[in-house]
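Numbering (full-length UniProt numbering), first residue to last: 1 to 197.
C-beta atoms are modelled at their ideal positions from N, C-alpha and C, and glycine is treated no differently.
Here is the structure we will look at, set down as structure tokens.
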């Protein structure tokens, strides 16, 4: 949650709700292993290179988060890879399972959090139009219409699009090959001097 580039956390009800939601997710899925709060104000260091502050202040995204998914305090500070990436299969699978559960829960409850917050919202965003990504994917993965109006399953529609892109790729490859070959044939002709020797 904001702020990553300042040593503060925003004031207000929305900030409190973000922190409360993160605390619940930390307790529910991560056994309270993670620090919860802003990168600059709670975690202990400024996290330059994230866009959380920009999204929150300029983009007016009401819930903007930065997650540090993994950290190994026992790793050498000279080995950046081991510091921020699990190196054993068991640790990798645990981190993947834990954080997948966190994100699925976050996606499903964030829209409900925004609905509760809507009556007190002062931002210009229209929260009524927001849809949980979980609800969106449930509808999206069932069926979609192709560009020809025919209802299709998503996998079938994807394969149709892939075939179309492959045909376009093949056509452009043939055209490029033709242009390349014609360029070679022009450059391999002997240049005849206009002045006789």
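Backbone CA spacing between residue 25 and residue 105 [nearest angstrom]
8 Å
7 Å CB neighbourhood of residue 70 in its chain, flanking five on each side removed
84, 85, 86, 95
Under 8 Å Cβ to Cβ from residue 77, same chain only, skipping five residues before and after it: list those, please.
83
Taking the Cβ atom as the reference point for each residue, do residue 72 and residue 29 lie within a distance shorter than 8 Å?
no
Is it right to say residue 53 is buried, meaning 16 or more other beta carbons lie within 10 angstroms of its own, or is it exposed?
buried
Work out the CA separation of residue 156 and residue 1 for me, nearest whole Å.
39 Å
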